[in-house]
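Quick note on numbering: the sequence shown equals residues 218 to 334 in our numbering.
In this text, a Cβ means the ideal position worked out from N, Cα and C, and glycines have one as well.
None of the values given here were measured: they were computed from a predicted structure.
Everything on this sheet refers to the single structure shown next.
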Amino acid sequence: MTTYEQALETAKILSSKKGKDIKVIEISDVSILADYMVIATGTSSTQVKALADTVDEKLDEMGISVSHIEGHRSNSWILLDYVDIIVHIFSDEAREFYDLERLWQDGKVIDISAVVD
Numbered sequence: 218m219t220t221y222e223q224a225l226e227t228a229k230i231l232s233s234k235k236g237k238d239i240k241v242i243e244i245s246d247v248s249i250l251a252d253y254m255v256i257a258t259g260t261s262s263t264q265v266k267a268l269a270d271t272v273d274e275k276l277d278e279m280g281i282s283v284s285h286i287e288g289h290r291s292n293s294w295i296l297l298d299y300v301d302i303i304v305h306i307f308s309d310e311a312r313e314f315y316d317l318e319r320l321w322q323d324g325k326v327i328d329i330s331a332v333v334d
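Printed below as a string of structure tokens:
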């Protein structure tokens, strides 16, 4: 599975658990941090944690292991680092505050309408 396919699968997983405003941004041309950034919003701190846990569980079942997790004790933002893909799951307030879409505006937003609801 390519990194692109992994990013789309991550978006699909987030959508299946009712993650909101899911974005996949290709950043490989503007950063050495990763190839893709996947961003989603949870409607509560419980959902933010549930989304992160589900992504971690489903990708692990596919043989894709998380390298690092940040913010799991937080109630507003969790980062899952899969080396080539970085997943950010935010509360509404945290997403607005960090505004990663603006920060990574030089990246290419991927059309994920075929894989998310």
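| query | result |
| --- | --- |
| Quick check: the Cα distance between W321 and F314, rounded to an integer number of angstroms? | 14 Å |
| For D252 and T227, what's the separation of their Cα atoms in angstroms? | 14 Å |
| Closest by CA to W294, which one among A269, E318, D277 and V300? | A269 |
| Looking at C-beta atoms only, is the number of pairs between the segment 296 to 304 and the segment 272 to 281 that lie closer than 8 Å three or more? | yes |
| Comparing the C-beta of I242 with each C-beta of chain D, is any distance below 8 Å? | Checking the listed chains, one finds no chain D in this structure; it contains a single protein chain. |
| Determine the closest residue to I302 out of D238, I256, K237 and Q264, with distance taken between C-alpha atoms. | I256 |
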